[in-house]
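Asker:
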Amino acid sequence: MYLVFYFLQKIIEIYSWALIIYILMSWFPNARETSIGRFLSRICEPYLEPFRRIIPPIGMIDISPIVAFLVLNFAQRGLFSVYHLIS
-14 MYLVFYFLQK IIEIYSWALI IYILMSWFPN ARETSIGRFL SRICEPYLEP FRRIIPPIGM
46 IDISPIVAFL VLNFAQRGLF SVYHLIS
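The working numbering applies: residue -14 is where the sequence shown begins, and numbers increase by one.
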């Protein structure tokens, strides 16, 4: 059972890093048009889009990724708590 929780924790951690890289790519012109940018767009946009619908941008600032990170953090902590309840 430990292996399943460990695997899920690592997936969330890797996905968090992918989100960070994807968001930082928006600061550089044409970075999202590269092959890595398109790949990250395919895996990150479906997750970010519901947050963007709920939380509109404030001028030029999009705070929805902050909420997306909070949700990932809560999911990771929830997995940790469930693991400790089971074991």
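For every residue, glycine included, the Cβ atom is placed at its ideal position computed from N, Cα and C.
Which of helix, strand or coil does DSSP assign to I(-4)?
Answerer: For this step, residue -4 is matched to residue 11 along the sequence shown. Residue state, collapsed to three classes: helix.
Asker: Quick check: the stretch 10 to 20 against the stretch -10 to -2, are at least 3 beta-carbon pairs closer than 8 angstroms?
Answerer: no
Asker: According to the Cβ coordinates, are I28 and A3 closer than 8 angstroms?
Answerer: As a working mapping, residue 28 is identified with position 43 in the sequence shown. As a working mapping, residue 3 is identified with position 18 in the sequence shown. Yes.
Asker: Do S26 and I40 have their CB atoms nearer than 8 angstroms?
Answerer: Locating residue 26 in the sequence shown gives position 41, where the first residue counts as 1. Locating residue 40 in the sequence shown gives position 55, where the first residue counts as 1. Taking 8 angstroms as the Cβ cut-off, S26 and I40 do not qualify as a contacting pair.
Asker: Rounded C-beta distance between I(-3) and L70? I'm assuming under 8 angstroms.
Answerer: Position 12 of the sequence shown holds residue -3. Position 85 of the sequence shown holds residue 70. About 18 angstroms separates the two Cβ atoms, so there is no contact after all.
Asker: Just to check my reading of the structure: S1 and F54 have Cβ atoms closer than 8 angstroms, yes? What is that Cβ distance to the nearest angstrom?
Answerer: Within the sequence shown, numbered from 1, the residue matching residue 1 stands at position 16. Within the sequence shown, numbered from 1, the residue matching residue 54 stands at position 69. That pair is a contact at about 7 angstroms.
Asker: With distances taken between CB atoms, is the gap from V52 to F36 smaller than 8 angstroms?
Answerer: In the sequence shown, counting from the first residue as 1, residue 52 sits at position 67. In the sequence shown, counting from the first residue as 1, residue 36 sits at position 51. It is a contact, given that the beta carbons lie within the stated cut-off.
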